[in-house]
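Chemist:
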Amino acid sequence: MITEEALPTYQTMLNTLDGVRDETGASLSPWAIWTRAWTAEENRHGDLLNKYLYLSGRVDMRQIEKTIQYLIGSGMDPRTENSPYLGFIYTSFQERATFISHGNTARHAKEHGDMKLAQICGIIAADEKRHETAYTKIVEKLFRD
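Numbering (this note's numbering), first residue to last: 1 to 145.
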């Protein structure tokens with residue numbers, strides 16, 4: 001859940017990649033529009049999981065919020081050197097990892113009788129799989145050209 005909350009970091013990283021920067025944050029380029037739509041969808045994932053955990057009362061939300069603050073405040077250097085090739089390869093793997101993680105969480109939640117969490121994580125896993133597919137196609141296109 002916490003990784004879904006670090007969207008400011010992820011969008012900042014994507015906006016540093018050569019050839020696809022969104023200099024104004026409101027660019028009408030297809031890439032910028034797609035990135036903002038991706039960010040909005042990822043934001044819904046974090047919001048939903050955050051609210052679910054809060055309402056469940058099963059976690060220490062103060063610690064969750066402190067961790068999120070630390071994660072975003074620390075920044076991230078995936079060592080992509082502003083290269084769209086490295087950036088999109090990284091993102092393809094990251095989306096695959098979150099697909100697997102949310103899918104596993106859905107399975108464990110179901111095994112332990114939490115059908116609502118299983119449903120939430122299953123839907124998020126499906127979204128992450130779509131994201132992985134999109135980024136993988138971008139990488140394939142980069143290597144063809």
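Glycine is no exception: its CB is placed at the ideal position from the N, C-alpha and C atoms.
Owing to the predicted nature of the structure, the values given are computational and were not obtained by experimental measurement.
Taking three-plus beta-carbon pairs below 8 Å as touching, is the region 119 to 138 in contact with the region 61 to 81?
Modeler: No: the two stretches stay apart, fewer than three of their Cβ pairs being nearer than 8 Å.
Chemist: Drop a sphere of 10 angstroms on the beta-carbon of F143, count the other beta-carbons inside from all chains shown, and report buried for 16 or more, exposed for fewer.
Modeler: Numbered from its first residue, the sequence shown carries residue 143 at position 143. Classification of F143: exposed, given that the 10 Å Cβ count is below 16.
Chemist: Are the C-beta of W34 and some C-beta of chain D separated by less than 8 Å?
Modeler: Structure shown: chain D not included; a single protein chain is present.
Chemist: Pull up the distance between the alpha-carbon of H131 and that of D60, whole angstroms please.
Modeler: Position 131 of the sequence shown holds residue 131. Position 60 of the sequence shown holds residue 60. The straight-line gap from Cα to Cα measures roughly 30 Å.
Chemist: Run through DSSP, which three-state label would M76 get?
Modeler: Taking the first residue of the sequence shown as position 1, residue 76 is located at position 76. Three-state DSSP puts M76 in coil, outside helix and strand.
Chemist: Are there 16 or more other CB atoms within 10 angstroms of the CB of G87, so buried, or fewer, so exposed?
Modeler: Counting from 1 along the sequence shown, the entry for residue 87 is found at position 87. Looking at its Cβ environment, which holds 16 or more other Cβ atoms inside 10 Å, G87 is buried.
Chemist: Is the beta carbon of L17 closer than 8 Å to that of N104?
Modeler: Position 104 of the sequence shown, counted from the first residue, corresponds to residue 104. Position 17 of the sequence shown, counted from the first residue, corresponds to residue 17. Cβ distance not < 8 Å, so N104 and L17 don't count as in contact.
Chemist: For H102, count the other beta carbons within 10 Å of its own beta carbon; 16 or more makes it buried, fewer makes it exposed. Which is it?
Modeler: Within the sequence shown, numbered from 1, the residue matching residue 102 stands at position 102. Buried.
Chemist: Using the C-alpha atoms, what's the distance from R62 back to T39?
Modeler: By one-based count along the sequence shown, residue 39 stands at place 39. By one-based count along the sequence shown, residue 62 stands at place 62. About 24 Å.
Chemist: Considering Cα atoms alone, identify which of I2, M1 and T9 is closest to T91.
Modeler: As a working note, residue 91 is residue 91 in the sequence shown. The candidate whose alpha carbon is nearest that of T91 is T9.
Chemist: Looking only at its own chain, which residues have a Cβ that is under 6 Å from the Cβ of F99, when we skip the five neighbours before and after it?
Modeler: Sequence index remark: in the sequence shown, residue 99 carries index 99 (1-based). These residues qualify, in order along the chain: A125, E128, K129 and E132.
Chemist: Between T12, I89, S29 and G73, which has its C-alpha nearest I138's C-alpha?
Modeler: Sequence index remark: in the sequence shown, residue 138 carries index 138 (1-based). Considering only alpha carbons, the answer is I89.
Chemist: In the DSSP assignment, find the unbroken alpha helix (DSSP H) run with L28 in it and report its ends.
Modeler: In the sequence shown, the residue the question calls residue 28 occupies position 28. Here L28 belongs to no alpha helix (DSSP H), and DSSP marks it neither H nor E.
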